[in-house]
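Undergrad:
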Amino acid sequence: MRYLCLALTALITVCGSVGADAIRQTKGDFRDAFRQLDVDLPTPNTYRTASGAPGSQYWQQRADYKIKARLDETSRRISASETITYTNHSPDTLRYIWLQLDQNRFTDNSLERLSETAKDAVGRKTWTEQDKDVLSYSTIARRQLAKDIDYGFEIERVVDAREKDLPHTITGTMMRIDLPQSLAPGQATTFSIDWSFNILLEERADSRGGYEHFRDNDTYIYFLAQWFPRLAAYTDYSGWQHKAFIGWGEFTLEFGNYEVEITVPDDHIVSATGKLQNPGKVLTSRQRQRLNAARNADSPVLIVTPDEALENEKEKSTGSKTWIFKADNVRDFAWSSSRKFIWDAMVHKQDDQKNPEVLAMSFYPPEAEPVWSKYSTHAIVHTMAVYSRFSFPFPYPTSQSVNTWKHGGMEYPMITFNGYRPEPFEFEKNDAGEDKPVKNAPDETYSRRVKYGLIGVIIHEVGHNYFPMIVNSDERQWTWMDEGLNSFLEYLAELEWEHEFPAYSPQVNVLDAISDYMVSEDQVPVMTNSESLLQFSPNAYSKPTAALIVLRETVMGRELFDFAFREYARRWKFKRPTPADFFRTMEDASGVDLD
Ligand SMILES: [Zn+2]
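The numbering used here puts the sequence shown at residues 1 to 595.
Have a look at this one:
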């Protein structure tokens with residue numbers, strides 16, 4: 001992407017500088033602003049072609065999972081076992097395999113903890129020299145939590161298909177399993193792992209999953225993400241992707257099929273990646289009837305009503321139920337469980353013979369009303385309609401939005417965790433750019449900020465189903481490849497939701513919004529590793545978004561850009577692209593020389 005910006009800068013300044021360059025060219029210090037991209041890109045090969053497409057010998061590994069998990073609500077703990085079948089499609093013989101243990105990020109001696117600086121604790125963006133003796137309350141609370149409670153995976157057993165112990169070594173957020181026999185190309189191996197861990201108190205741990213405690217009525221929402229030992233990616237461009245999880249570079253994974261059995265208290269409602277296999281066992285006949293009605297509905301139908309949810313959260317049942325989900329060809333699995341959930345659903349119809357209907361569903365506590373029932377499920381459907389036009393039809397049976405926290409959002413296949421709840425205040429920015437409450441909103445209403453914040457975060461997180469859940473780029477290395485492409489489509493989808501949508505902030509377009517960052521000393525190339533970005537958000541999100549908008553509106557024009565972008569999505573759907581594959585495809589399919 002930096003090359004695109006370079007070309008643009010050169011375009012703007014070319015008239016004034018061409019004479020000087022022509023003279024410099026004869027002096028030996030000439031640097032051609034239009035030099036060919038291939039100088040900087042990796043050499044094409046049989047796995048990745050010079051046109052940016054998967055090559056004739058493209059390969060990727062496969063990991064299929066069978067998981068049984070139990071949520072212990074009293075001790076707020078997960079106990080689980082999984083059987084993984086790992087298939088080696090690479091041309092290489094493997095003597096060991098690596099798994100990601102993301103929960104280990106929260107142990108007291110984790111690399112994240114040990115490498116945290118005061119700047120990290122205060123927030124890199126707002127850091128000033130005078131902050132150097134200051135730690136925020138939330139930072140101290142986060143550190144204390146890791147001292148008080150043992151977080152991270154407890155790996156209890158690793159065995160092969162014959163129940164024989166497999167030697168394994170844990171190093172931070174990664175685990176190596178040594179194979180008794182080398183895994184030759186084309187072979188598969190099956191092994192099982194038993195584990196447990198204490199669920200994180202999300203509001204203190206600053207994690208992507210955990211539990212939320214509603215203190216007013218002592219109720220909980222559990223949302224489990226990055227919660228099972230997952231196969232690390234093995235690729236043609238980097239071998240094992242086993243860079244430690246330090247907090248920013250989220251992950252990249254292998255595709256596979258999942259069968260997951262989740263045992264929870266029997267008054268809970270569970271939302272999860274995939275399709276529910278045993279509705280007869282876990283839903284009432286009334287809920288099943290409503291769910292069937294939702295499959296034909298063009299506006300949300302309530303499966304669990306607000307009154308039923310309020311009734312449900314009063315009692316605490318001691319029995320349990322097992323919910324069974326299946327998901328095919330996904331790169332991850334996440335779920336959420338609570339007795340607080342209101343549940344609504346409607347159908348998204350699309351022009352696709354293979355998958356003509358997708359069930360869009362939302363799960364939220366009474367505290368999220370009245371804004372969630374109004375917008376969440378509609379926002380899911382809107383996202384699929386817009387994103388599919390720019391890429392490919394949504395390939396999965398469900399698409400879900402779960403309200404798991406007050407702010408923020410996080411994405412997993414078919415399920416997203418989203419923030420925003422009604423707040424009793426309207427907010428306005430003061431002179432220092434801080435949000436300050438300015439007036440009370442009446443009861444049973446919500447601010448503009450909550451409404452658009454909610455719609456925006458749902459579009460963003462559901463959008464991640466396309467990038468990187470299906471176009472499987474490597475976020476541990478290049479955050480911009482999914483956050484940038486996704487924020488660009490989010491921006492378009494928001495403007496299609498409503499022409500005056502406050503996409504960045506009211507009356508500010510994305511190009512104006514990043515000008516401060518573009519001239520700041522913190523700016524680094526988008527290709528910088530995810531953990532090294534000095535300002536994470538502008539570099540990974542708004543800079544590539546701005547570049548793509550310029551590329552679409554100014555350099556290529558919409559017709560050429562949209563064709564090339566769709567071609568990139570089509571080529572790399574369910575495959576693993578690198579940045580060079582994106583740059584090359586955009587040039588190859590548009591016919592515009594981006595060098
Ligand atoms: Zn994102």
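The beta-carbon is built from N, C-alpha and C at its ideal position, and this holds for glycine as well.
Within 10 Å of its beta-carbon, does Thr377 have 16 or more other beta-carbons around it, so buried, or fewer, so exposed?
TA: Burial is judged here by how many other beta carbons sit within 10 angstroms of a residue's own beta carbon; Thr377 has at least 16 and is buried.
Undergrad: Less than 7 angstroms between C-beta atoms, sequence neighbours within five positions excluded: which residues of the same chain meet that for Ala63?
TA: Ile84, Tyr86, Leu231, Glu254 and Gly256
Undergrad: Give every residue of the same chain whose Cβ lies closer than 8 angstroms to the Cβ of Ser336, excluding the five residues on either side of it in the sequence, and list them in chain order.
TA: Ile221, Tyr222, Phe223, Leu224, Val270, Ser271, Ala272, Phe363, Val402, Thr404, Ile415 and Phe417
Undergrad: Can you tell me the Cα-Cα spacing of Ala513 and Ile140, whole angstroms?
TA: 32 angstroms
Undergrad: Is the Cβ-Cβ distance between Pro370 and Ile342 less than 8 angstroms?
TA: Against a cut-off of 8 angstroms, the Cβ pair of Ile342 and Pro370 comes out as no contact.
Undergrad: Are Ser196 and Glu154 close, meaning C-beta to C-beta below 8 angstroms?
TA: A contact, by the Cβ cut-off of 8 angstroms.
Undergrad: Hey, Arg113 and Ala205: beta-carbon distance below 8 angstroms or not?
TA: The answer is no: Cβ separation not under 8 angstroms.
Undergrad: Keeping to the same chain, check which residues put their C-beta closer than 6 angstroms to that of Trp240; ignore five residues upstream and five downstream.
TA: Trp98, Ala232 and Tyr234
Undergrad: Can you give me the start and stop residues for the beta strand (DSSP E) that Phe214 sits inside?
TA: Gly210 to Phe214
Undergrad: Which two residues bound the contiguous beta strand (DSSP E) that contains Ala69?
TA: From DSSP, the beta strand (DSSP E) with Ala69 extends over Arg62 to Asp72.
Undergrad: Leaving out five residues before and five after Ser299 in sequence, what residues of the same chain have Cβ atoms less than 7 angstroms from its Cβ?
TA: Met346
Undergrad: Rounded to whole angstroms, what is the Cα-Cα separation between Gln286 and Tyr96?
TA: Reading the sequence as shown, one finds Arg at residue 286 and not Gln. Straight-line Cα distance between these residues: approximately 50 angstroms.
Undergrad: Check for me: the alpha helix (DSSP H) holding Thr599 runs from which residue to which?
TA: No information on residue 599 is available, as it lies outside the stretch 1 to 595 that the chain covers here.
Undergrad: In three-state terms, what does DSSP make of Leu8?
TA: Any reading at Leu8 must be qualified, since the residue scores a pLDDT of 37, below 50, and its modelled position is unreliable; no value is offered.
Undergrad: What three-state label does DSSP hand Ser17 in the structure shown?
TA: Low confidence applies here, because Ser17 scores a pLDDT of 43, under 50, leaving its location unreliable; read the following figure in that light. Residue state, collapsed to three classes: helix.
Undergrad: Does the Cβ-Cβ distance between Trp248 and Ser530 come in under 8 angstroms?
TA: yes
Undergrad: Could you tell me which residues DSSP puts in a beta bridge with Glu154?
TA: Ser196
Undergrad: DSSP on Thr322, reduced to helix/strand/coil?
TA: Thr322 carries a strand assignment under DSSP once its states are collapsed to helix, strand and coil.
Undergrad: Go through its chain and collect everything with a Cβ distance to Leu533's Cβ below 8 angstroms, but skip five positions before and after it.
TA: Trp248, Thr479, Val524, Asn539 and Ala540
Undergrad: Flag Asn539 as yes when its Cβ comes closer than 7 angstroms to any non-hydrogen atom of ligand 1, and as no otherwise.
TA: no
Undergrad: Does ligand 3 have even one heavy atom less than 7 angstroms from the beta-carbon of Asn486?
TA: Ligands present in the displayed structure are limited to ligand 1, and ligand 3 is not among them.
Undergrad: Which runs of the alpha helix (DSSP H) spanning at least 4 residues fall entirely within the region 270-315, listed in chain order?
TA: Counting whole runs of 4 or more residues, the region 270-315 contains the alpha helix (DSSP H) stretches 279-282, 285-294 and 306-312.
Undergrad: Given a cut-off of 8 angstroms, decide if Asp92 and Pro180 are closer than it, judged by their beta-carbon atoms.
TA: no
Undergrad: Count the other CB atoms, across all protein chains shown, that sit within 10 Å of the CB of Asn296; report buried if there are 16 or more and exposed otherwise.
TA: exposed
Undergrad: DSSP puts Ser362 in a beta bridge; with which residues?
TA: Asp344 and Ser401
Undergrad: Per DSSP, Thr173 forms a beta bridge with which residues?
TA: According to DSSP, Thr173 bridges with nothing at all.
Undergrad: Assign Phe417 to one of three DSSP states: helix, strand, or coil.
TA: DSSP places Phe417 in strand when its eight states are reduced to three.
Undergrad: Can you give the Cα-Cα distance for Glu553 and Phe467, rounded to whole angstroms?
TA: 22 angstroms
Undergrad: What is the C-beta distance between Thr108 and Phe245, in whole angstroms, given that I count them as a contact (C-beta under 8 angstroms)?
TA: Note on identity: in this sequence residue 108 is Asp, with Thr being the wrong assignment. Not a contact, Cβ separation roughly 16 angstroms.
Undergrad: Would the region 564-574 and the region 45-57 be scored as touching if the rule is three or more Cβ pairs under 8 angstroms?
TA: yes
Undergrad: When the Cα atoms are used, what is the spatial distance from Gly557 to Gln400?
TA: 34 angstroms
Undergrad: Return the Cβ separation of Gln350 and Pro393 in integer angstroms, given the expectation that the two are a contact with Cβ distance under 8 angstroms.
TA: 5 angstroms
Undergrad: Going by CA-CA distance only, name the one from Leu454, Ile459, Ser388 and Arg476 that's closest to Ala368.
TA: Just measuring C-alpha positions, the residue of Leu454, Ile459, Ser388 and Arg476 sitting nearest Ala368 is Leu454.
Undergrad: From Ile475 to Arg584, what distance separates their C-alpha atoms?
TA: A quick correction: the sequence has Glu, not Ile, at residue 475. Take the alpha-carbon of Glu475 and the one of Arg584: they are about 19 angstroms apart.
Undergrad: State the Cα-Cα distance for the pair Ser115 and Arg105, rounded to the nearest angstrom.
TA: Ser115 and Arg105: Cα-Cα distance of roughly 12 angstroms.
Undergrad: Look at the Cβ atom of Lys275, then the Cβ atom of Phe325, and state whether they are nearer than 8 angstroms.
TA: yes
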